[in-house]
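First comes the structure, then the notes that go with it.
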Amino acid sequence: MTPCPVCQSENPEGSAFCSKCGSKMARVREHPVLIGQSTESTKPIKPAFQGAITVSAVMKIFAIAWIILGIYSVSKTHQSLVDNGASSGTISNAVLIEIAITALGAASFGFFACVLDLLMAIESNTSTDGARRRTL
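Mapping to the UniProt record's numbering: the sequence shown position 96 is 96, numbers consecutive.
Below is the structure:
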């Protein structure tokens with residue numbers, strides 16, 4: 001039984017209004033809040049890697065630009081060697097070296113961008129006190 005805040009008459013648990021005076025009953029929380037504990041987040045959780053999204057995006061742009069410049073460089077190298085009458089073996093080796101340099105550069109930019117994305121995903125699923133947050 002719960003007492004009415006106005007007339008103090010006893011009312012059944014969970015009543016919205018007093019059965020005697022009709023005043024609104026105080027709602028009791030099912031899960032009491034401890035002193036000093038907040039019922040809702042008052043400030044947004046900031047990721048530890050603030051600005052990492054920008055860095056990740058820039059690295060991805062560099063990777064794409066590196067690939068485009070690499071393709072351009074490979075075609076220029078190939079054309080230059082053909083114009084100078086180089087043998088097909090020399091052309092193949094030079095083009096393969098250019099392709100390898102392009103692939104390694106793009107992969108390194110892409111790898112570091114993916115690592116930053118992974119760190120941000122981990123950070124967004126962890127609260128500031130290190131406890132894992134539930135996601136629906």
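Yeah, the Cβ is synthetic: ideal placement off N, Cα and C, and Gly gets one too.
Asked	Found
Secondary structure of LYS20, DSSP reduced to three states	coil
Whether SER23 touches PRO5 by CB criterion (8 Å)	yes
Buried versus exposed, by CB contacts within 10 Å (16 or more), THR54	exposed
Distance between ILE91 and GLY85 (C-alpha atoms, nearest Å)	10 Å
CA nearest to the CA of CYS114, picked from ILE67, HIS78 and SER56	SER56
Exposed unless 16 or more other CB atoms sit within 10 angstroms - verdict on ALA63	buried
Straight-line gap, LEU69 to VAL58 (C-alpha atoms, nearest Å)	16 Å
For GLU123, three-class secondary structure by DSSP	helix
Outcome for ALA16 when other beta-carbon atoms lying within 10 angstroms are tallied against a minimum of 16	exposed
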